Amino acid sequence: MFVDSGNVGWAALVRNDLGQFVRGISGFKANNLNPYMVELIPAQEDLSWLKSWHVGDIILKINN
Numbered sequence: 749m750f751v752d753s754g755n756v757g758w759a760a761l762v763r764n765d766l767g768q769f770v771r772g773i774s775g776f777k778a779n780n781l782n783p784y785m786v787e788l789i790p791a792q793e794d795l796s797w798l799k800s801w802h803v804g805d806i807i808l809k810i811n812n
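Using the numbering used here, you'd call the opening residue of the sequence shown number 749 and step up by one each time.
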């Protein structure tokens with residue numbers, strides 16, 4: 749989060765059950781969001797992507 753400019757950036761990785769890289773995403777928004785809300789953006793994006801692939805048994809880890 750870039751407090752002075754009111755912008756936020758985020759990134760997330762998707763790994764399989766062996767810990768291998770599957771997908772990475774990142775983004776940038778011109779918005780002054782709460783830091784906890786920023787953590788939810790990549791989680792929502794990844795969960796939507798996994799749902800489109802009909803993936804179940806998901807473990808979600810968030811670093812803040």
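Beta carbons are placed, not taken as given, at the ideal position from N, Cα and C, and that holds for glycine. Since we're looking at a predicted model, the values are computed, not measured.
Could you check which residue in the options has the C-alpha nearest to that of residue i?
i, options, result
"Gly804", "Gly772, Asn764, Asn779 and Val756", "Asn764"
"Leu798", "Gly754, Trp758, Ile773 and Ala778", "Ile773"
"Val770", "Val762, Lys777 and Phe776", "Val762"
So, at 6 Å on beta carbons, what are the nonlocal neighbours of residue i in its own chain, with the 5 sequence-adjacent residues on each side left out?
i, result
"Ile700", "For residue 700 there is no data in the structure shown, the boundaries of the chain being 749 and 812."
"Gly775", "Trp758"
"Ala778", "Asn755"
With a cut-off of 8 Å on the beta carbons, I'd call residue i and residue j a contact; round off their distance for me.
i, j, result
"Gly754", "Asn782", "Not really, about 12 Å apart at Cβ, beyond 8 Å."
"Leu808", "Ala791", "6 Å"
Around the Cβ of residue i, are there at least 16 other Cβ atoms within 10 angstroms (buried) or fewer (exposed)?
i, result
"Ala760", "buried"
"Ile806", "exposed"
Which same chain residues end up closer than 8 Å to residue i when comparing Cβ atoms and leaving out the 5 residues on each side of it in sequence?
i, result
"Glu793", "Ala760, Ile773 and Gly775"
With DSSP as the reference, please indicate the residues paired to residue i in a beta bridge.
i, result
"Trp801", "Answer by DSSP bridge pairing: none, since Trp801 is not bridged."
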